[in-house]
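Asks: Going down the list, the protein sequences come from chains A and B. If you read the first sequence in this note's numbering, its first letter stands for residue 13, the second for the next number, and so on. If you read the second sequence in this note's numbering, its first letter stands for residue 159, the second for the next number, and so on. All C-beta atoms, glycine included, are put in the ideal place defined by N, C-alpha and C.
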Amino acid sequence: MAQLISYVENEDPRAPGILKALYGARKKPYRVGVTGPPGSGKSTLVDRFALLAREQGLKVGIVCVDPTSPFTGGAILGDRIRMSKAAADPHVFIRSMATRGSLGGIARTTEEVAEILEASGKDIVFIETVGVGQSELDIFDAVDTVVVVLVPESGAGVQAMKAGLMEIAHIFAVNKADRAGAGRVKQEIEDVLHLAPAQPWEIQVFLTQAFRGIGAPEVFARILDHRKFLEEQKRENTRVIRIQKKLKNLLLERFEKEVVKRPEIEAKLKELSNKIIEGNADPYSASEILFEETWKEKSKS
Amino acid sequence: MERKIKVLVAKIGLDGHDRGAKVVARALRDAGFEVIYTGIHQTPDMIVTAAIQEDVQAIGLSHLSGAHMTLFPKVLELLKAKGRGDILVIGGGIIPEPDKEKLYALGMAKIFGPGTLTQEIIDYLNSKFAEPKK
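Listed below in structure tokens is the structure:
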């Protein structure tokens with residue numbers, strides 16, 4: 013399995029065949045995303061969740077994403093350090109991924125890797141994002157339940173009213189809650205949540221100390237509640253929307269690979285960029301020309 | 159399609175001197191490798207499980223406190239037992255010359271001692287995993 017994942021991650025020519033074969037082999041897969049700022053304790057919490065899931069007899073997959081350097085293309089993948097408890101269990105499979113240029117908090121092939129884990133019989137798959145700021149939200153479309161992890165220093169208040177990260181949570185965990193200000197942050201998030209019109213799913217805020225395991229069982233129970241909620245709600249609707257997005261992305265990727273990256277287009281791109289630098293064109297007209305060219309190339313093929 | 163070289167860097171056994179391992183991990187990152195860093199106090203079992211799940215091409219073991227003749231062979235043994243004897247194992251730390259020979263005989267690919275330039279390790283790994291030119 014580890015090698016199948018590598019094919020997918022490296023976009024090997026064998027990958028589409030593997031994914032086609034495995035997609036239908038998944039049985040009631042359930043996916044949980046864990047996101048939040050760097051150092052907020054995502055890995056440690058996931059480690060705890062994995063243990064709790066194991067106690068219930070669930071087989072666990074974990075995909076953890078860390079950033080790729082935009083300068084060298086290298087990466088340090090360090091999430092396993094905090095997952096030593098889960099890592100010792102033979103029914104837990106952990107895979108680290110580098111973002112490889114993707115900017116949405118997960119890698120381009122993270123969902124596909126989760127699919128492979130699901131096809132291998134994992135009942136629940138946790139995806140841990142890179143440490144995020146406010147707008148790396150790809151995780152929302154990749155999972156069923158999103159847990160947003162914050163710390164007392166996150167300074168909720170008006171932050172909680174801002175668009176982005178704070179809107180995608182199904183559950184909040186204020187981690188490192190032994191530090192000063194945790195209760196206040198929890199209160200402030202709750203206050204802001206109360207300003208929104210009532211929703212059928214109640215977003216709750218939990219105080220956790222992942223390192224000591226405090227609060228993690230409550231959050232995990234809430235994750236399972238959300239799973240039940242989605243089942244009762246007939247989540248088909250949200251799933252259809254998610255699959256539509258996925259198909260669109262696959263289409264765009266294909267288009268990029270087979271049309272935009274063709275040598276003729278790359279050459280034109282270079283030529284036009286030079287023109288712009290020399291002051292003989294502007295980016296807006298150039299992009300129109302490029303679009304026409306791309307279109308021509310596409311109809312030819 | 160891009161193929162990154164993935165390397166697991168691990169501190170094996172009861173040895174907390176992780177400065178060297180971190181320097182190597184960082185240098186490999188800067189050379190474009192994807193480095194899985196698992197921290198200190200790793201058992202051979204943990205290292206082999208991680209290496210297999212992560213499907214790395216190489217493992218770098220760091221050990222400075224004298225138990226390398228027990229721990230390094232254990233890693234090689236477990237990898238073979240699990241059918242991944244193909245994963246390249248290199249090491250670093252305080253390893254006496256006679257021990258190096260024994261470890262090479264058991265299948266360790268290379269041992270880098272104190273004073274090694276990180277560039278030597280990078281060049282070595284690149285030469286091992288260079289993609290055949292199209």
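How many angstroms separate the CA atom of A:A210 from the CA atom of A:V204?
Replies: 12 Å
Asks: CA-CA distance, A:R43 and A:D59?
Replies: 15 Å
Asks: In the structure shown, what three-state DSSP assignment does A:E165 receive?
Replies: The answer is helix: DSSP assigns A:E165 an H, G or I state.
Asks: Mind checking the segment 190 to 201 of chain B against chain A and listing, in chain order, the residues whose C-beta falls within less than 7 Å of any C-beta there?
Replies: G190, F191, E192, V193, I194, Y195, T196, G197
Asks: Verify the CB distance criterion: does A:S18 have a CB-CB separation below 8 Å to chain B?
Replies: yes
Asks: Quickly, what does DSSP pair A:G48 with across the bridge? List them, please.
Replies: A:G143
Asks: Determine, using beta carbons only, whether A:Q199 comes closer than 8 Å to chain B.
Replies: No, A:Q199 lies away from the interface with chain B (no Cβ there is under 8 Å from its Cβ).
Asks: Kindly indicate which three-state DSSP category A:D135 falls into: helix, strand or coil?
Replies: coil
Asks: What residues are listed by DSSP as bridge partners for A:V158?
Replies: Per the DSSP secondary-structure output, A:V158 pairs in a beta bridge with A:G45.
Asks: When burial is assigned at 16 or more other CB atoms within 10 Å of the CB, is A:H206 buried or exposed?
Replies: With fewer than 16 Cβ atoms within 10 Å of its Cβ, A:H206 is classed as exposed.
Asks: Report the residues of the segment 210 to 242 of chain B with a CB closer than 8 Å to any CB of chain C, ordered along the chain.
Replies: Here chain C cannot be found, since the structure's protein chains are A and B.
Asks: Leaving out five residues before and five after A:T121 in sequence, what residues of the same chain have Cβ atoms less than 6 Å from its Cβ?
Replies: V20, E21
Asks: Could you spell out the range, first to last residue, of the beta strand (DSSP E) harbouring A:M109?
Replies: Per DSSP, A:M109 belongs to the beta strand (DSSP E) from 104 to 110.
Asks: If we define contact as Cβ-Cβ less than 8 Å, is B:A288 a contact residue for chain A?
Replies: no
Asks: Could you have a look at B:D203 and say whether DSSP puts it in helix, strand or coil?
Replies: helix
Asks: Under 9 Å Cβ-Cβ, which residues of chain B neighbour A:L115?
Replies: The contacting residues do not exist; A:L115 stays about 17 Å from chain B at best.
Asks: Taking C-beta to C-beta, are B:F270 and B:E278 nearer than 8 Å?
Replies: yes
Asks: What are the boundary residues of the alpha helix (DSSP H) that includes A:F61?
Replies: 54 to 67
Asks: Indicate whether at least one CB of chain A lies closer than 8 Å to the CB of B:T207.
Replies: yes
Asks: So is B:A179 in contact with chain A if we call contact Cβ pairs under 8 Å?
Replies: Output row for B:A179: interface = no.
Asks: Name, please, each residue of chain B whose Cβ falls closer than 8 Å to the Cβ of A:A99.
Replies: M204, T207, A208
Asks: Can the beta-carbon of A:S55 be found closer than 8 Å to that of A:E140?
Replies: yes
Asks: Secondary structure at B:F191, three-state DSSP: helix, strand or coil?
Replies: coil
Asks: What first and last residue would you give for the alpha helix (DSSP H) that runs through A:A210?
Replies: Where A:A210 is concerned, there is no enclosing alpha helix (DSSP H), given that its DSSP letter is neither H nor E.
Asks: With a threshold of 7 Å on Cβ separation, who are the neighbours of B:I280 within its own chain once the five nearest residues in sequence on each side are excluded?
Replies: Answer for B:I280: A185, L186, A189, listed in chain order.
Asks: Could you pull out every residue in the same chain whose Cβ sits closer than 6 Å to the Cβ of A:H103, ignoring the five residues on either side in sequence?
Replies: The residues are K71.
Asks: How big is the Cα-Cα spacing for A:V163 and B:D173?
Replies: 32 Å
Asks: I need the DSSP call for B:K292, collapsed to helix, strand or coil.
Replies: Bear in mind that a pLDDT of 42 at B:K292, under 50, signals an unreliable position, so the model cannot answer this.
Asks: Please confirm whether A:F105 has its beta-carbon closer than 8 Å to some beta-carbon of chain B.
Replies: yes
Asks: At 7 Å on the CB atoms, spell out the chain B contacts of A:G85, in chain order.
Replies: The contacting residues are G190.
Asks: Tell me the rounded alpha-carbon separation between B:V165 and B:Q215.
Replies: 6 Å
Asks: Taking 7 Å as the cut-off, is the CB of B:L234 close to at least one heavy atom of the ligand GDP?
Replies: Inclusion of the ligand GDP in the displayed structure is not the case, the ligand content being empty and no account of it being possible.
Asks: Return the first residue and the last residue of the beta strand (DSSP E) that A:V75 is part of.
Replies: 72 to 78
Asks: Taking the beta carbon of B:Y195 as the centre, do at least 16 other beta carbons fall within 10 Å, making it buried, or is it exposed?
Replies: B:Y195 comes out buried.
Asks: Using alpha carbons as the reference points, say which of B:L246, B:A288, B:F287, B:I170 lies closest to B:T228.
Replies: B:I170
Asks: Out of A:L16, A:K308, A:E244, which one is the CA nearest neighbour of A:V272?
Replies: A:K308
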